[in-house]
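Novice: There's a structure below that I have some questions on.
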């Protein structure tokens, strides 16, 4: 039985949980009355390919005759093929806006792996890049103890006993756009791939956009 089917229509009722709070703060996604267009994203997007070409979102149907692989199109043209009225690509667009350096780096590393292994054989590194790109959750922590606590599955202590510490010494930031999509209709078993990033004590006091910019730089250095 298929666990998840994306909603067919646009509605902000799917965006009311805390998982979408950052998107509401930074993009007013909860105020939109219809699907955002590719052009709509241009006001928030500030990214360039590793070759210096500006990144832009382009309607997917314009690539109907394209023979190049998705990552190759982005690398060579700066154009991101984007399906309209599609939750998956919508959230992919937001991640490009929030983590431009990291997204460009991931694209570049995909191309390097393709050069080494070709299109048919996916290396372990490419698989890891894809998993993080689709399902990654950045756990920003000011205390190293959080890593072991969560890796040991100490859920009671992490989520109940330490509840007041969330937002103070630990905070999640969604990176995986597939996870955002599935959170429109969450289900038991939905999981993300955690990446811990140690951050300064005052990071959560900064403007939200500054927090994302800092994490984008850290991820760029780590990946």
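Residue numbers (this note's numbering): 1008 to 1230.
Don't be surprised by glycine CBs; every beta carbon is placed ideally from N, CA and C.
#1: Taking only three categories from DSSP, how would you classify residue 1021?
#2: Report the three-state DSSP secondary structure of residue 1146 (helix, strand or coil).
#3: As a quick exercise: from 1120, 1193 and 1081, pick the residue whose alpha carbon is nearest that of residue 1056.
#4: I'd like the span of the alpha helix (DSSP H) that includes residue 1121, first residue to last.
#5: Could you check what DSSP says for residue 1040 in three-state terms: helix, strand or coil?
#6: Could you pull out every residue in the same chain whose Cβ sits closer than 7 Å to the Cβ of residue 1054, ignoring the five residues on either side in sequence?
#7: Is residue 1203 closer than 8 Å to residue 1118 when the C-beta atoms are compared?
#8: Can you list, in chain order, the residues of its chain whose CB lies under 6 Å from that of residue 1092, leaving out five sequence neighbours each side?
#9: When the Cα atoms are used, what is the spatial distance from residue 1163 to residue 1035?
#10: Nearest-angstrom Cα distance between residue 1129 and residue 1139?
Specialist: Put simply:
#1: Helix at residue 1021.
#2: Note: residue 1146 maps to strand in three-state DSSP.
#3: Of the listed residues, the one whose Cα sits closest to residue 1056 is 1081.
#4: Boundaries of the alpha helix (DSSP H) around residue 1121: 1107-1124.
#5: Of the three classes helix, strand and coil, the one that applies to residue 1040 here is coil, per DSSP.
#6: Excluding residues within five positions, the ones whose Cβ falls inside 7 Å are 1062, 1103, 1107, 1110 and 1111.
#7: Not in contact: residue 1118 and residue 1203 (Cβ atoms no closer than 8 Å).
#8: These residues qualify, in order along the chain: 1042.
#9: Looking at the backbone, the Cα of residue 1163 and that of residue 1035 are separated by about 34 Å.
#10: If you take the alpha carbons of residue 1129 and residue 1139, they lie about 15 Å apart.
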